[in-house]
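Structure, as C-alpha cells:
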Amino acid sequence: MYKIVILLFFISLNNHAQTDEGLQEIYPVFPICELIPDSKQNQCFDESMFEHVEKKFKYPKTAWDLDLESIVRIRFDINENGEVHNIIPRAAVVGIMFIEKEALNAANNMFEDAAVNIIKSLPKMKPAKRDGVPFNKTFQISVEYKIPKLLDYDEIDKAPSFENCVDVEIDESKKCFENYITEHIRKNLKYPKRALKNKIEGDVFIQFEISKDGYFINFTTIGPDKILEDEAYRIMAKLPKVKPGEYLDKKVNVLYGLPISFRL
Numbered sequence: 050m051y052k053i054v055i056l057l058f059f060i061s062l063n064n065h066a067q068t069d070e071g072l073q074e075i076y077p078v079f080p081i082c083e084l085i086p087d088s089k090q091n092q093c094f095d096e097s098m099f100e101h102v103e104k105k106f107k108y109p110k111t112a113w114d115l116d117l118e119s120i121v122r123i124r125f126d127i128n129e130n131g132e133v134h135n136i137i138p139r140a141a142v143v144g145i146m147f148i149e150k151e152a153l154n155a156a157n158n159m160f161e162d163a164a165v166n167i168i169k170s171l172p173k174m175k176p177a178k179r180d181g182v183p184f185n186k187t188f189q190i191s192v193e194y195k196i197p198k199l200l201d202y203d204e205i206d207k208a209p210s211f212e213n214c215v216d217v218e219i220d221e222s223k224k225c226f227e228n229y230i231t232e233h234i235r236k237n238l239k240y241p242k243r244a245l246k247n248k249i250e251g252d253v254f255i256q257f258e259i260s261k262d263g264y265f266i267n268f269t270t271i272g273p274d275k276i277l278e279d280e281a282y283r284i285m286a287k288l289p290k291v292k293p294g295e296y297l298d299k300k301v302n303v304l305y306g307l308p309i310s311f312r313l
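Under our numbering, the first residue of the sequence shown carries the number 50, and numbering increases by one thereafter.
What follows is the structure, encoded as C-alpha cells:
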C-alpha cells in the first residue's frame, strides 16, 4: 500500500574524519543477505533497505485526508551489535503554507513519526565491518510522502463509474466499467469507408486519462493507419462523463488503455 509514493535514496556517512586507504569496508548484513558474498553485501543492503521501506511504508491517515505532502530525511546508526539506534528525522512539509507554527510542527511530527517507525522496524543485522572489525555506521535516507495525481487503472481501488455502475460494489466496479466500454465500442464502431476501400485492417491501441472531474482527456493512439486511429478516437471521445476513479477514498486521475480491433 502507498508504494507508488515512495522516494528513497541512501547516503552512507563515514563515522570517522579520515579512513586509511586500502581498508575493506562491508555494510551491515541483513538476515536475507547472509549467504551473499562480501563483495555483494553493499548492493544487497541497499536493495533490502528499499524493500523494507516499501513494505513498511504507511501514509499518515490525517495527512492523507488533508492532502499534506512531505519529504522526511532520516539519519540513523547501525551500531557494533547490528542494532538500529540514534534515529534523527527531519520532515519538510511541501506545497502548503502554515500560518500557525503549532500546525506546521504537528504536520511535521506526523510524517516524522511514520518515518521513524519504518527505521525502528529494521531487523537486527550483522554489523558493518572494516577489515573484519565491527564498527558503528551511519546512514541517511529520504522518504517522500506524495499524493498520487495519476494512477494506472490496475492501481486504483474503484473504477470510474458510468451511470449504470454507480451503485455497484467496489470489487465489481472494474468489471462494470470494462463491460460498458466493450458495449460502447460495439454500438459505435463504424468501419471507415476509406479503410474498406483500401483493405486496411488491424488493431488500434488507444490510451487516455479519466480526470478527477470525470472527463475523458489526453487521448493517444497507435495503429496500422491514421484512418483507423481516427475512428478509434471518434468512438472513445463519445464516452459520457463518469464518476471519477478512487484510490484509498481519494479521487484520482486514471490512465486507461485498450485495443480496438478492425477486421474486414
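Note that the Cβ used here is the ideal one computed from N, Cα and C, for glycine as well.
Cβ-Cβ distance between residue i and residue j below 7 Å
i: residue 273; j: residue 177; result: no
i: residue 197; j: residue 291; result: no
i: residue 80; j: residue 183; result: no
i: residue 144; j: residue 175; result: no
i: residue 164; j: residue 192; result: yes
Where residue i falls: helix, strand or coil (DSSP)
i: residue 199; result: strand
i: residue 305; result: strand
i: residue 299; result: strand
i: residue 102; result: helix
i: residue 91; result: helix
i: residue 80; result: helix
i: residue 51; result: In this prediction, residue 51 scores a pLDDT of 46, lower than 50, which makes its location untrustworthy; the coordinate-derived value is nonetheless stated afterwards. Here residue 51 sits in coil by DSSP.
i: residue 65; result: Here the model assigns residue 65 a pLDDT of 45, short of 50, so the residue's position is not dependable, and the following value carries that caveat. It is coil, neither helix nor strand.
i: residue 226; result: helix
Limits of the unbroken alpha helix (DSSP H) element including residue i
i: residue 168; result: 150–169
i: residue 254; result: Not the alpha helix (DSSP H): residue 254 falls in the beta strand (DSSP E), residues 251–259.
i: residue 243; result: 242–246
i: residue 283; result: 275–286
Integer-rounded CB distance, given that residue j should sit under 8 Å from residue i
i: residue 207; j: residue 96; result: Their Cβ separation, rounded to whole angstroms, is 33 Å, which puts residue 207 and residue 96 out of contact at 8 Å.
i: residue 200; j: residue 133; result: Not really, about 33 Å apart at Cβ, beyond 8 Å.
i: residue 263; j: residue 241; result: In fact, because the Cβ distance is near 29 Å, the residues do not count as touching under 8 Å.
i: residue 308; j: residue 252; result: 5 Å
Range of the contiguous beta strand (DSSP E) that encloses residue i
i: residue 189; result: 186–194
i: residue 141; result: 133–143
i: residue 119; result: 118–127
i: residue 265; result: 265–271
For residue i, the residue or residues it bridges with in DSSP
i: residue 110; result: None; residue 110 has no bridge partner.
i: residue 216; result: BP columns for residue 216 are empty, so no partner.
i: residue 183; result: 178
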